[in-house]
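Below you'll find the structure, written out as structure tokens, and then a few comments.
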Amino acid sequence: MDSPDFTEREQQLAAVYDKMHAARETATIVSDLYAQAMGDVYPHEINAAGAVDWPLIATIVGALRLEPGHQLVDLGCGTGGIGLWLARALATHVTGVDISATAVRIATGRAREFVPAERARFTVGSLRATGLPDRHANGLVCVDALGCELDRAAALREIYRILRPGARAVVTSGRRRTNPVLPPWPEQAAYAGLICEAEEERPHEPLLWQRLYWLWIEHETDLRKQLGDEPTDSMLIEARTRGATLDDRCSLAVTLRRPEE
Ligand SMILES: C[S@@+](CC[C@H](N)C(=O)[O-])C[C@H]1O[C@@H](n2cnc3c(N)ncnc32)[C@H](O)[C@@H]1O
């Protein structure tokens, strides 16, 4: 596998996410607040760093149609919970790729809680250059990571490259309702050679973020105690800036497919 060749922007992103994952590694407050914001749709064991709830897991399982022994890729895997949970539930292998070496280290440490060692591997790479072989994946997930990639077209071409013909990917994505910046999903997919099979709106997701952001603001003192000032400051900035745009946000789970040959 090639060693990652990150752009300057990717190196900066990796440093930001390294700090975030390191700060959350031992703290319980972040997952407690996610659980409070989501209620009984929160999958505790997955412990994701995004809006991962049981309805999203159901969408992923239904769309990917994986079989035992298949190869799953978790792109922008963070600390690995989504891919590991799916690999255990569906008896697949999983390869997680993330730009943050800290996330990859934590994910590697969690793997044995879910599946035997030979069924999970985590590696540092970017969305546009995963380092994985062509046609590696029978299925792929990319949850709450695509929004960080400035070169969306390159990330979609990489997804096309690593999917086997006929295999599917589920990516989550947010878009403004007014003045969307990017073309509609069928167009973005077609540009990379993919088919957009489904765009499922998740109408409850902006409200979930709103509840979470309120909780972050309300629990500022506890966040500072458990995470430190820098990670808390960036969470509060996110809560205030992104929080103010949620009324205009449409959250989607998009199913993409590489055509059969
Ligand atoms: C919000 S977290 C979500 C993590 C995971 N998917 C989950 O739901 O728990 C976003 C993750 O994407 C990773 N990421 C962001 N931009 C990336 C890029 N260009 N290439 C690879 N990983 C990236 C970050 O390091 C971070 O772990």
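Residue numbers (this note's numbering): 1 to 261.
All C-beta atoms in this analysis are idealised placements derived from N, C-alpha and C, irrespective of residue type, glycine included.
Whole-angstrom distance between residue j and residue i, CA atom to CA atom
i: Arg175; j: Arg202; result: 12 Å
i: Val115; j: Gly81; result: 12 Å
i: Trp214; j: Met235; result: 11 Å
i: Asp144; j: Gly193; result: 22 Å
i: Ile217; j: Ala239; result: 7 Å
i: Ala35; j: Asn179; result: 33 Å
i: Trp54; j: Ser31; result: 15 Å
i: Ser120; j: Arg110; result: Position check: residue 120 holds Ala in this sequence, whereas Ser was assumed. Cα to Cα, Ala120 sits roughly 10 Å from Arg110.
i: Leu163; j: Glu220; result: 42 Å
i: Leu40; j: Val124; result: Correcting the residue type first, residue 40 is Asp in the shown sequence and not Leu. Their backbone Cα atoms lie some 33 Å apart in a straight line.
i: Leu182; j: Asp248; result: 15 Å
i: Gln226; j: Arg24; result: 8 Å
i: Gly166; j: Leu223; result: 45 Å
i: Asn47; j: Leu252; result: 20 Å
i: Thr245; j: Leu212; result: 14 Å
i: Ala198; j: Trp185; result: 9 Å
i: Phe122; j: Val97; result: 6 Å
i: Leu66; j: Glu187; result: 26 Å
i: Thr7; j: Arg152; result: 15 Å
6 Å CB neighbourhood of residue i in its chain, flanking five on each side removed
i: Cys142; result: Leu75, Gly76 and Val171
i: Gly262; result: The displayed coordinates of the chain run from 1 to 261. Any statement about residue 262 would go beyond what the structure contains.
i: Ala14; result: Ile99 and Ser100
i: Ala103; result: His21, Gly78 and Thr79
i: Pro4; result: Val124 and Gly125
Residue i, enclosing beta strand (DSSP E) - first and last residue
i: Pro165; result: Leu163 to Arg176
i: Arg9; result: First-last for Arg9: Glu8 to Thr26, but that is the alpha helix (DSSP H), not the beta strand (DSSP E).
i: Ser251; result: Arg249 to Arg257
i: Glu260; result: Per DSSP, Glu260 belongs to no beta strand (DSSP E) and is neither H nor E.
i: Asp32; result: Premise fails: Asp32 lies in the alpha helix (DSSP H), Ile29 to Met38, not in any beta strand (DSSP E).
i: Ile195; result: Ile195 to Glu201
i: Leu72; result: Gln71 to Leu75
Beta-carbon contacts of residue i that lie in its chain and below 7 Å, excluding the five residues immediately before and after
i: Leu262; result: Residue 262 lies beyond the residue range present for the chain, which begins at 1 and ends at 261; the question has no answer from this structure.
i: Tyr160; result: Ala192, Gly193, Leu194 and Arg258
i: Thr59; result: Val170, Glu200 and Ala253
Residues of its chain near residue i, where Cβ-Cβ distance is below 8 Å and the 5 sequence neighbours each way are ignored
i: Val61; result: Leu86, Ala89 and Leu90
i: Arg177; result: Asp248, Arg249 and Cys250
i: Glu260; result: Pro165 and Gly166
i: Glu158; result: Leu127, Arg128, Ala129 and Thr130
Boundaries (first-last residue) of the alpha helix (DSSP H) holding residue i
i: Gly83; result: Gly81 to Leu90
i: Thr221; result: Glu220 to Leu227
i: Gly62; result: Trp54 to Leu64
i: Ala189; result: Trp185 to Tyr191
Cβ-heavy atom distance, residue i to ligand 2, below 7 Å
i: Gly81; result: Although ligand 2 was asked about, the structure shown includes only ligand 1 as ligands.
- Task: Would you list, in sequence order, the uninterrupted beta strand (DSSP E) runs of no fewer than 3 residues that lie entirely inside the segment 104–153?
- Result: Counting only runs of 3 or more, we get 120–124 and 137–142.
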